[in-house]
Amino acid sequence: MAFVPPKESFAGRVFPVTIGTGVQQTFGGENTLPFHSFEGEVPNRPLIAYEIQDVPPEDWPETVRRLYDGVSDDPVKWAKYCEEELKAKAVALRLVGTHPDSKDLSADDAAKTVTDVLGAIKVPLIILGSNHVEKDSEVLVRAAEAAKGYDCVIGKAQEANYKTIAAAAMANGHKLIAMSELDINLSKQLNILLTQMGFDKEKLITDPMCSALGYGLEYTYSVMERIRLAALSQNDAVMQPPMLADVGMYVWKIKETQAPEDVLPEWGSLEERGIAWEAVTASSLLMAGSELLIMRHQRAVEAVELFVDELM
Amino acid sequence: MALTGVQIFKLLPKTNCKKCGFPTCLAFAMKLAQRQASLDACPDVSEEAKATLGEASAPPVRPVTLGAGDKAVKMGEETVLFRHEKKFVNPPALALEIKDTESDDAVDAKIQDVVGSEINRVGQLLRIDAVFLNNDSGDAGRLASLAEKVAQKAPETAVIIGTENPEAADAAIKPFSGKNAILYGATEANAEKMAEVAKAAKAVLGVKADGLDALSSLTEKVKSLGVDDMVIDPGARSAKEMLEYNTFIRRAAIKKNFKPLGYPVINFAQRDDALHESLVAGLGIAKYASIVVVSSAEKWKNLALFTLRQNIYTDPQVPMQVEQKIYKIGDPTPDSPLLITTNFSLTYFIVSGEVENSKVPAHLAIMDCEGLSVLTAWAAGKFTGSKIANFIKESGIENEINHRELIIPGYVAILSGAIEEKLEGWKVTVGPREANALPAFLRSAQAA
């Protein structure tokens, strides 16, 4: 009997989000499951941003830290290196030095770093706090002001601090990452709260919280799949922002990216293992629906781009 | 039309003979209704019942076994498209390609890679499950001698014979007769002869066509030739084609009960670059393949793919657990701190990772709370003062450490009094609520 492909189309669509002013990037916008261009529209590639920090990456493992030797002591040099040498399509600046347990840098320090980095690159900038709820609401407000007019992404707003951060992102014309912890209902709730305070849902990016391969990846994977199905099949507008996978910071702190081969010979080359860990985590979360990725290792980013080439 | 378990039960012999592998006819009927068993398993079913149940009761993706013995791999039997709906049933086999044009040394090295690939991760033994013997030379003798070598050096490994030449297939499959090898493959051109070889060797037939329409016709033809166990290859080679064809095959089988495509799928992920290959193989694992063929088996790549396979095929309704015991992180001495938390695997991974990050060696007590996280276990009465006290006493840790201080998660600070009451001579210290605060906590405690 003749075979008729069981195609499925959906009423909903993921919002396309455009960021940046010099070089602009757009991600999202599809009305089908990830990479299902055989039955729907997938107008944009996912966007991968290179992660940099406001302080030297002392806690990054050697495999990835040494790529940035000579530039990582200065966020401006580091950002330029990503844009010019690594051909980064976007840069994600994590203001980790503002964390009270790190250097406890002030909001003004952070604002200066943001201004300097913005002056040095043309590609869009994603500005991330240190994930300290109280400090972030201070730091990200000043950072958003300093970046006014650059159409950046500010993150991450969480349930405990979303009001001030969202207000600053709104007032200064930025997109906003809304993060909740691995629960589709919490994620939906936060997006509702944000839209109720007047934040445009088409300027949101949902972060359902990343997990590394082997360390809860399946939770992130399934929460992302469920959010995407709700966006498409239920046409639920608060579930329609594109999704972020903040891959690098989760991958480069686990044992598989740090344990040397002489200690665990059955795990093989540490260098290749770390890179594969970041790339496989990222590619799996692309299959689950993320459109914006933050990554650290050049070879992992390039492998994921090549994989996307094969899928588009 | 789907029948309910009770409707199916009425058609069964009701003898509870257990020959089907289930304890009662009713249990078997329930499995049939869920399409997780095949009516073939009942030797006494009437012709009438067969006619009624036959197609309707068969699982949407036919169960097929690759290999024999302890390391045999079950394939098929899937019931959903998304893992949050229900557990994905049978994790895909990873098969390493060996070409009959490769040098003896290269072949030996690859066989060794497969035999030595087994790794224990979270209590599961994971390995490269099979070899795919590619008749790259086109020469029947070379394929047969490669097969002979594999049969000798890796007798427990499942084998897929890759040739479209029926004579080469016949010679190469001899050592694996009756061992559920796969003969790949049958095409429109050679189907009759390949079916004969497969039947004679009791092998599974790999069926290969260009596109899903041609593939559906071909599986129907092969079935009419008397071969029931097949794996199918829709000819997908790029990642894009893999996703498209695998999705349509799974949907057709599950949502439309379309039998001609209700078989396990074999995908070919070989790429020149091993990292690129990892990602393409990962796509096969996440998106519905039952066999993924790879060209190399580096240990780092195996670990990443095994882990991904384990993650994707975890039961979303049953929390992953780790074994209850006192884990040593770093190289703890009798003076090192002792922390306690629950045995939810994520809790364990995150807490042990952060303790490791702290560079402060420690004893980490993981208590069996049926895989619940700290707050859930506390709320469910599984992580209580008296249970913690019992566990600590029975663990024997008192003989291994010089101090009597237990660090508990900040979320259950409320338990500190109850634990101190039950654990005489012990002091309870309340640790941070979130694991990411552990490095700072442990370092400042060490400095004090």
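Protein chains in written order, with the working numbering: chain A, 118 to 429; chain B, -14 to 433. Don't be surprised by glycine CBs; every beta carbon is placed ideally from N, CA and C.
- Item | 8 Å contact criterion, which residue 231 of chain A and residue 264 of chain A should meet: CB distance rounded | Indeed they touch by this definition, with Cβ atoms about 5 Å apart.
- Query: Hey, is the stretch 70 to 90 of chain B in contact with the stretch 269 to 286 of chain B, meaning 3+ C-beta pairs nearer than 8 Å?
  - Reply: Contact between the stretch 70 to 90 of chain B and the stretch 269 to 286 of chain B is established, with three or more Cβ pairs separated by less than 8 Å.
- Task: Give the range of the alpha helix (DSSP H) segment to which residue 416 of chain A is assigned.
- Result: Residues 415 to 428.
- Query: Taking the alpha-carbon positions, what's the residue -14 of chain B to residue 219 of chain B distance?
  - Reply: Low confidence applies to residue -14 of chain B: its pLDDT is 45, below 50, so where it sits in the model is not reliable enough to give any reading.
- Query: Ends of the alpha helix (DSSP H) at residue 339 of chain B?
  - Reply: Counting along the chain, residue 339 of chain B sits inside the alpha helix (DSSP H) bounded by residues 330 to 343.
- Is it a yes or a no for the stretch 178 to 192 of chain B touching the stretch 143 to 163 of chain B, going by three-plus beta-carbon pairs under 8 Å? Of all C-beta pairs linking the stretch 178 to 192 of chain B to the stretch 143 to 163 of chain B, three or more are shorter than 8 Å, placing the two stretches in contact.
- Taking the runs of the beta strand (DSSP E) that are 3 residues or longer, which of them lie wholly in the stretch 105 to 147 of chain B? If we require 3 residues or more, the beta strand (DSSP E) runs fully inside the stretch 105 to 147 of chain B come out as 109 to 111, 115 to 119 and 143 to 147.
- Taking 9 Å as the CB-CB limit, is residue 261 of chain B close to chain A? Between residue 261 of chain B and chain A, the shortest Cβ-Cβ separation is below 9 Å.
- Item | Nonlocal neighbours in the same chain, by C-beta distance under 8 Å from residue 441 of chain B, ignoring five residues either side | There is no way to answer for residue 441 of chain B, as the model of chain B reaches only from -14 to 433.
- List the endpoints of the continuous alpha helix (DSSP H) containing residue 262 of chain A. According to the DSSP assignment, residue 262 of chain A belongs to the alpha helix (DSSP H) that extends over 250 to 263.
- Message: Tell me which residues share the same chain as residue 377 of chain A and place their Cβ nearer than 7 Å to its Cβ, disregarding the 5 neighbours each side in the sequence.
- Response: If we look at residue 377 of chain A and ignore the five residues flanking it on each side, its Cβ neighbours are 387.
- Could you please tell me which residues of the stretch 46 to 71 of chain B, in chain order, have their CB closer than 9 Å to any CB of chain A? Answer in chain order: 67, 68 and 69.
- Task: For residue 193 of chain A, collect the residues of the same chain with a Cβ closer than 7 Å to its Cβ; drop the 5 residues on either side in sequence, then sort them by chain order.
- Result: Annotation for residue 193 of chain A: 233, 234 and 237 place their beta carbon closer than 7 Å to its own, counting only its chain and skipping 5 residues before and after.
- Which class does residue 278 of chain B belong to by DSSP, given the choice of helix, strand or coil? In the structure shown, residue 278 of chain B adopts extended strand secondary structure according to DSSP, grouped into three states.
- List the endpoints of the continuous beta strand (DSSP E) containing residue 67 of chain B. Judged by DSSP secondary structure, residue 67 of chain B falls outside any beta strand (DSSP E); it is assigned neither H nor E.
- Task: Locate the alpha helix (DSSP H) running through residue 407 of chain A, then write down its first and last residues.
- Result: Per DSSP, residue 407 of chain A belongs to no alpha helix (DSSP H); it is in the beta strand (DSSP E), 407 to 412.
- Message: Does residue 305 of chain B come out as helix, strand or coil in the three-state DSSP assignment?
- Response: Residue state for residue 305 of chain B is assigned as coil, using DSSP reduced to three classes.
- Message: Taking 9 Å as the threshold (beta carbon to beta carbon), is residue 391 of chain B in contact with chain A?
- Response: No, its Cβ sits nowhere closer than 9 Å to a Cβ of chain A.
- Shorter than 9 Å from the beta carbon of residue 413 of chain A to some beta carbon of chain B? Not flagged as an interface residue toward chain B: residue 413 of chain A, since no C-beta distance is shorter than 9 Å.
- Chain-ordered neighbours of residue 104 of chain B on chain A, where CB pairs are closer than 7 Å: Result: 383.
- Item | Listed by chain order, chain B residues near residue 397 of chain A by CB distance under 7 Å | Those within 7 Å of residue 397 of chain A in chain B are 263, 264, 267, 289 and 293.
- Between the Cα of residue 126 of chain A and the Cα atoms of A:138, A:151 and A:394, which residue gives the shortest distance? In terms of Cα proximity to residue 126 of chain A, the closest of A:138, A:151 and A:394 is A:151.
- Message: I'd like to confirm the pairing. Which residues does DSSP put opposite residue 179 of chain B in its beta bridges?
- Response: For residue 179 of chain B, which the question treats as bridged, DSSP gives no partner whatsoever.
- Item | Buried or exposed (CB count within 10 angstroms, at least 16 for buried), residue 371 of chain B | Label assigned to residue 371 of chain B: exposed.
- Would residue 10 of chain B be called buried (16 or more neighbouring beta carbons within 10 Å of its own) or exposed? So residue 10 of chain B ends up on the buried side.
- Query: If you count every other CB in all the chains shown that lies within 10 Å of the CB of residue 300 of chain A, and 16 or more means buried, which is it?
  - Reply: Taking a 10 Å sphere around the C-beta of residue 300 of chain A, we find fewer than 16 other C-beta atoms and assign the residue as exposed.
- DSSP-derived helix/strand/coil call for residue -14 of chain B: Below a pLDDT of 50, predicted positions are generally treated as unreliable, and residue -14 of chain B, at 45, falls in that range; the measurement from the model is reported next regardless. Residue -14 of chain B: coil per DSSP, three-state reduction.
- Given residue 179 of chain A, which residues of its chain have a CB within under 7 Å of its CB, disregarding the five upstream and five downstream residues? Non-local C-beta neighbours of residue 179 of chain A in its own chain, meaning closer than 7 Å and more than five positions away in sequence, are absent.
- Message: Closer than 7 Å between beta carbons: that is the criterion. Which residues of the stretch 399 to 425 of chain B meet it against chain A?
- Response: For chain A, the residues of the stretch 399 to 425 of chain B that bring a beta carbon within less than 7 Å of one of its beta carbons are 425, in chain order.
- In whole angstroms, what is the alpha-carbon distance linking residue 202 of chain B and residue 308 of chain B? In a straight line, the C-alpha of residue 202 of chain B is about 50 Å away from that of residue 308 of chain B.
- Message: Does residue 256 of chain B pass the burial test, meaning 16 or more other C-beta atoms within 10 Å, or should it be called exposed?
- Response: It is buried - the Cβ of residue 256 of chain B has at least 16 other Cβ atoms within 10 Å.
- Item | Beta-carbon contacts of residue 396 of chain A that lie in its chain and below 6 Å, excluding the five residues immediately before and after | 417, 420 and 421.
- Message: So, at 6 Å on beta carbons, what are the nonlocal neighbours of residue 145 of chain A in its own chain, with the 5 sequence-adjacent residues on each side left out?
- Response: For residue 145 of chain A, where only same-chain residues beyond five positions count, the Cβ hits under 6 Å are 131, 132, 133, 134, 359 and 408.
- Query: So, does the CB of residue 20 of chain B fall closer than 9 Å to a CB anywhere in chain A?
  - Reply: Under the 9 Å criterion on CB atoms, residue 20 of chain B is classed as non-interfacial with respect to chain A.
- Message: Below 7 Å on C-beta distance, what does residue 338 of chain B contact in chain A?
- Response: Residues of chain A passing the Cβ test: 370, 371 and 372.
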